[in-house]
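Worksheet: the structure to be examined is printed underneath.
This is the structure:
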């Protein structure tokens with residue numbers, strides 16, 4: 001679907017416009033997935049897979065579809081939605097001349113929006129859906145809400161309870177929830193405001209544009225109808241709410257986003273309203289109690305508090321003097337100018353004491369930019385201290401420190417290593433992290449004894465955990481972040497063997513509409529770097545996808561990406577996997593210690609997903625939202641992969657088979673590959 005095309009219908013002329021997938025990537029006959037607008041209700045847009053609804057975009061609110069709140073960040077695109085009596089359609093167009101975009105319904109059931117980069121002359125995906133488990137239509141059944149932050153995804157709306165508690169325990173949520181109080185037409189009822197959710201399916205809803213713009217008017221109309229279970233404003237464009245949207249009976253397909261401004265008002269019986277009042281009352285009492293306690297404390301201990309405050313500020317002044325007074329370095333991180341305000345600063349003496357003056361026995365690792373020490377704080381908390389090599393002037397090590405401190409301070413995800421703070425005194429630059437009991441994934445999967453501790457179930461959890469962390473960095477964090485050095489050594493394992501990505505020294509911030517960037521300084525690890533980055537200096541979120549694919553294949557095989565033990569013709573892990581895949585011998589790739597614990601079809605599925613991630617050209621690789629979806633949905637269709645990006649093949653005179661047709665216009669000479677597993681830096685001359 002390109003700009004100017006319509007998705008919808010014209011009942012007067014008996015016309016309809018929809019977007020149907022191909023049967024497969026190389027078969028253009030009609031596939032099983034259709035992107036279309038429904039004629040009923042408020043003309044919502046859905047994806048059907050084999051004639052069954054699999055995804056819903058959410059109702060249009062005058063600005064965007066509530067199921068795709070990120071639509072508003074597409075500054076170069078303008079969206080159109082027409083809803084008339086006999087006609088309804090959705091379309092999009094450009095606001096400028098420098099952007100090209102298209103919408104594609106893929107054979108695997110994923111809808112993707114592509115943007116064209118004039119610089120590299122390639123198409124790159126920058127939005128796709130469904131993204132996750134909660135995008136599956138009615139994932140939690142009627143009156144259930146899907147929340148990706150919950151372990152089991154699903155919970156009942158307030159005022160509702162599970163219809164079949166036994167099935168819910170076994171993660172079968174299809175029957176959904178029912179009202180605790182059936183009769184809604186009693187005195188004392190009210191409405192609970194809910195924000196940050198995908199609005200409910202409106203097939204059986206009604207829209208009333210005859211009422212006033214006041215949300216209070218919508219409330220009164222809903223209250224008069226005993227069947228009305230929820231309401232909201234229908235149109236919030238121009239900050240002037242217009243009309244009312246009313247839902248009746250069961251509420252279908254609700255997803256929690258955690259952000260968003262439009263409110264949904266859920267009807268609750270008097271008993272639930274009373275619970276809300278009690279909560280608010282208790283909250284007020286707690287606030288009053290805390291306020292009184294604080295006031296009493298201040299009155300009784302005014303002088304000691306002033307002394308403590310003065311001492312702490314004295315230390316802060318000393319820190320600032322250490323930061324700015326003893327060195328000429330400039331700490332203005334352009335990508336996060338307030339990064340110092342987001343971190344806790346430690347004294348050098350505190351960190352020296354915790355690490356026993358950086359005792360060699362406490363050294364647990366070393367990389368290209370510094371050493372890592374294990375430490376123990378006075379309160380018993382174990383920490384990991386990354387001490388950057390001392391430098392004169394503002395060199396690359398200083399930039400790595402600032403970059404890592406500035407970027408990771410923004411990030412909060414269970415699969416990212418938590419930064420506790422930093423230390424900046426004179427020439428010393430240190431980052432203090434939570435300590436990971438089980439060390440690096442690199443040591444675990446390649447250790448002769450330790451790899452036996454990772455059965456298939458645990459490796460599957462590690463793969464999915466890493467994929468979710470990358471999805472967070474690329475799409476769900478406050479800023480779009482490309483890591484640029486995803487590898488086994490940069491994934492740590494906590495006490496429960498949960499994976500956590502670390503080392504953000506090479507990471508880069510991307511603009512919301514930005515698809516790629518180029519650099520003369522290539523920083524990364526051979527074997528994990530995507531071809532376009534290794535040889536052309538072009539990187540994007542798809543570069544991380546490539547690295548993730550290599551890492552996935554390493555986790556499954558127990559073999560390193562580059563190693564001397566590969567015999568001709570397999571000079572790398574990717575060539576070995578590709579050969580076995582074409583010979584239909586993929587099961588031979590499995591780590592020996594997985595045979596007793598793995599489900600072979602699932603492992604082979606993961607290998608195929610890994611091959612999709614390491615395809616030579618970035619446009620062919622899925623984005624992380626598609627990867628997470630495929631890893632978590634066993635019934636989703638996985639396309640056949642094209643040849644991986646082998647370093648030795650990426651040159652101007654190669655022979656290509658039917659799976660090698662390039663989709664990028666830029667091909668250059670190869671660079672030599674190293675089997676070294678540490679991060680390297682290559683500078684290209686001007």
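Numbering (UniProt numbering), first residue to last: 1 to 686. Idealized CB from N, CA, C, for every residue including glycine. All of these numbers come straight from a predicted model, not from anything done at the bench.
- In the structure shown, residue 493 falls within a strand segment according to DSSP collapsed to helix, strand and coil.
- If you look at residue 264, you'll find it in the beta strand (DSSP E) that goes 263–268.
- Per DSSP, reduced to three states, the secondary structure at residue 181 is coil, with no helix or strand assignment.
- For residue 350, the uninterrupted alpha helix (DSSP H) run begins and ends at 348–354, by DSSP.
- Going by C-alpha positions, residue 86 is about 11 Å away from residue 15.
- Look at residue 137 here: in three-state DSSP terms it is coil, with no helix or strand label.
- Residue environment for residue 193: exposed (fewer than 16 other C-beta atoms within 10 angstroms of its C-beta).
- With three or more CB-CB distances shorter than 8 Å, the segment 123–140 counts as touching the segment 610–627.
- The three-state secondary structure of residue 612, taken from DSSP, is helix.
- Segment contact: the segment 207–226 against the segment 246–256, three or more CB-CB distances shorter than 8 Å; contact assigned.
- Its Cα nearest to that of residue 388, the residue 401 stands out among 380, 401 and 382.
- In this chain, the alpha helix (DSSP H) harbouring residue 218 covers 215–224.
- Residue 166 sits in a helix when the DSSP states are folded into three classes.
- When 379, 255, 167 and 359 are compared, the shortest CA-CA separation from residue 373 is found for 359.
- No Cβ-Cβ contact shorter than 8 Å links residue 236 with residue 200.
- Per the coordinates, the alpha-carbon of residue 230 lies some 14 Å from the alpha-carbon of residue 144.
- Here the alpha carbons of residue 158 and residue 183 stand approximately 15 Å from one another.
- Note that the C-beta distance between residue 547 and residue 500 is not below 8 Å.
- Separation of the CB atoms of residue 588 and residue 580 is rounded to 6 Å, and the pair is thereby assigned contact status at 8 Å.
- Excluding five sequence positions before and after residue 632, the CB atoms of its chain that fall closer than 8 Å to its own CB belong to 132, 133 and 464, given in chain order.
- When DSSP states are grouped into helix, strand and coil, residue 366 belongs to the strand group.
- Remark: C-beta atoms of residue 628 and residue 467 approach each other more closely than 8 Å.
- Straight-line measurement puts the Cα of residue 66 at about 23 Å from the Cα of residue 268.
- Sequence-distant Cβ neighbours of residue 623 in its own chain, meaning closer than 6 Å and more than five residues away, are 125 and 128.
- By the C-beta density criterion, residue 80 is exposed, having fewer than 16 other C-beta atoms within 10 angstroms.
- By the Cβ rule, the segment 409–425 counts as touching the segment 346–355, because three or more pairs are nearer than 8 Å.
- Pairing residue 444 with residue 502, the inter-Cα distance amounts to about 16 Å.
- Excluding residues up to 5 positions away in sequence, 103 and 127 lie with their Cβ nearer than 6 Å to the Cβ of residue 113 in the same chain.
- With a cut-off of 8 Å on Cβ pairs, the segment 35–53 is in contact with the segment 4–12, counting three or more such pairs.
- In the displayed model, residue 44 falls within coil according to three-state DSSP, outside both helix and strand.
- The straight-line gap separating the alpha-carbon atoms of residue 94 and residue 100 is approximately 8 Å.
- CA-CA distance, residue 412 to residue 461, rounds to 19 Å.
- In this structure, 271 is the residue among 232, 271 and 504 with its C-alpha nearest to the C-alpha of residue 179.
- In the DSSP assignment, residue 250 falls outside any alpha helix (DSSP H), carrying neither H nor E.
- With a cutoff of 8 Å on beta-carbon distance, residue 161 and residue 105 are scored as not near each other.
- Per DSSP, residue 424 is one residue of the beta strand (DSSP E) stretching across 419–425.
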